[in-house]
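>
In structure tokens form, the structure reads like this:
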């Protein structure tokens, strides 16, 4: 069965460190997204990609970057982790006319 | 700009009661899609329903039903005869028409607690 997986599921890191969260999907979807979930804010879009070599900023992109070198993967990098980036991160993918499928989430704590 | 408002942050009910979750959206698009997702305590996001802006028919799926009213920009969700397993956070989301891309705008979520 096709799926979308995130790793790691939990991570604790120190302020100032670079962190990369992995997202891998086997749906063969062109569209991939990263969201963060914070209490009271629902899910907010960080970055998204509509295909290989395509990346776009979402509403809360400061301090984050993504790259899309193949269809399956969209890693999210925190250039210099800050306490404000403590959150739960969700990766999602969708086809041209499908609903979005979400990964299990990554709980990141920046100390 | 797109916006989704879920005014109820938390609802607590006793099992077998009905519960209605409100969702109000804002968009200037004539073509758009509305979604509901469920997030159980385990944390994953589970797709429940998608509605496009041209289809205002209400939908029922088991104990779940959805009422879409373009006139009031609302897409409300009702759980009939709630069960403890319905305890979760529910998110309403909006997506623009296909030409504008597939990114979702989420509401803040409503936590539903069903007590036995």
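Chains as they are written, first to last, in this note's numbering: chain A, 3 to 113; chain B, 253 to 368. Even glycine gets a Cβ: it sits at the ideal position worked out from N, Cα and C. Keep in mind that this is a model prediction, so the values were computed, not measured.
Run the proximity test for residue 284/B: is its beta-carbon closer than 7 Å to any non-hydrogen atom belonging to the ligand MG?
This structure lacks the ligand MG, and indeed carries no ligand of any kind.
> Can you tell me whether residue 337/B is helix, strand or coil according to DSSP?
Locating residue 337/B in the second chain gives position 85, counting from the first residue. Here residue 337/B sits in helix by DSSP.
> Are the beta-carbon atoms of residue 4/A and residue 77/A separated by less than 8 Å?
The count along the first chain starts at 1 and reaches residue 4/A at position 2. The count along the first chain starts at 1 and reaches residue 77/A at position 75. No. Outside cutoff.
> Would a check of beta-carbon distances place residue 64/A closer than 8 Å to chain B?
Taking the first chain and counting its residues from 1, the one referred to as residue 64/A is at position 62. It does not: the Cβ of residue 64/A has no partner Cβ on chain B nearer than 8 Å.
> What does the Cβ neighbour count give for residue 108/A, buried or exposed, with the cut at 16 atoms within 10 Å?
Position 106 of the first chain holds residue 108/A. Residue 108/A is buried by the Cβ-count criterion.
> Under 9 Å Cβ-Cβ, which residues of chain B neighbour residue 128/A?
Missing from the structure shown is residue 128/A; chain A here goes from 3 to 113 and no further.
> What residues are listed by DSSP as bridge partners for residue 50/A?
On the first chain, residue 50/A is found 48 positions in, with the first residue counted as 1. Per DSSP, 35/A and 58/A.
> Which of helix, strand or coil does DSSP assign to residue 261/B?
Along the second chain, read from residue 1 onward, the residue named residue 261/B stands at position 9. Residue 261/B: coil per DSSP, three-state reduction.
> Given that a residue counts as buried once 16 or more other Cβ atoms are within 10 Å of its Cβ, and exposed if not, what is residue 298/B?
On the second chain, residue 298/B is found 46 positions in, with the first residue counted as 1. Per the 10 Å Cβ criterion, exposed.
> Helix, strand or coil, according to DSSP, for residue 87/A in the structure here?
Your numbering for residue 87/A matches position 85 in the first chain. Three-state result, residue 87/A: helix.
> Restricting to Cα atoms, I'd like to know which of 330/B, 342/B, 314/B and 308/B is closest to residue 320/B.
Here the question's residue 320/B lines up with position 68 in the second chain. The shortest Cα separation from residue 320/B among 330/B, 342/B, 314/B and 308/B belongs to 308/B.
> When you compare the CB positions of residue 271/B and residue 263/B, do they come within less than 8 Å of one another, or not?
Counting from one through the second chain, the residue named residue 271/B turns up at place 19. Counting from one through the second chain, the residue named residue 263/B turns up at place 11. Yes, Cβ-Cβ distance for residue 271/B and residue 263/B is below 8 Å.
> Please compile the residues from chain A whose C-beta is within a distance smaller than 8 Å of the C-beta of residue 359/B.
Sequence index remark: in the second chain, residue 359/B carries index 107 (1-based). The contacting residues are 44.
> Is it the case that the Cβ atoms of residue 29/A and residue 95/A are separated by a distance below 8 Å?
If you number the first chain from 1, residue 29/A lands on position 27. If you number the first chain from 1, residue 95/A lands on position 93. Yes, the pair counts as a contact, with Cβ atoms nearer than the cut-off.
> Would you say residue 53/A lies against chain B (beta-carbon separation less than 8 Å)?
Reading the first chain from its first residue, position 51 is the one you call residue 53/A. No, residue 53/A lies away from the interface with chain B (no Cβ there is under 8 Å from its Cβ).
> Anything in the region 290-323 of chain B with a Cβ closer than 8 Å to a Cβ of chain A? List those residues in chain order, please.
The region 290-323 of chain B vs chain A, Cβ under 8 Å: 295, 296, 297, 299 and 302.
> Using a C-beta cutoff of 8 Å, does residue 349/B count as contacting chain A?
Position 97 of the second chain, counted from the start, is the residue given in the question as residue 349/B. Chain A contact via Cβ: absent.
> Does residue 354/B pass the burial test, meaning 16 or more other C-beta atoms within 10 Å, or should it be called exposed?
Position 102 of the second chain, counted from the start, is the residue given in the question as residue 354/B. Buried: at least 16 other Cβ atoms inside 10 Å.
> Report the neighbours of residue 356/B on chain A: residues whose CB is nearer than 7 Å to its CB, in chain order.
Looking up residue 356/B in the second chain gives position 104. Within 7 Å Cβ-Cβ: 102.
> Between which two residues does the beta strand (DSSP E) harbouring residue 12/A extend?
As a working mapping, residue 12/A is identified with position 10 in the first chain. Note, residue 12/A: beta strand (DSSP E), 12-15.
> Bridge partners for residue 78/A per DSSP, in chain order?
As a working mapping, residue 78/A is identified with position 76 in the first chain. Per DSSP, 23/A and 68/A.
> Using beta carbons (cut-off 8 Å, strictly below), is residue 18/A in contact with chain B?
Taking the first residue of the first chain as 1, we reach residue 18/A at position 16. Chain B, which has no Cβ nearer than 8 Å to the Cβ of residue 18/A, makes this no.
> Tell me which residues share the same chain as residue 284/B and place their Cβ nearer than 7 Å to its Cβ, disregarding the 5 neighbours each side in the sequence.
The sequence position of residue 284/B within the second chain is 32, counting from 1. Result list for residue 284/B: 305, 346, 347, 348 and 349, in chain order.
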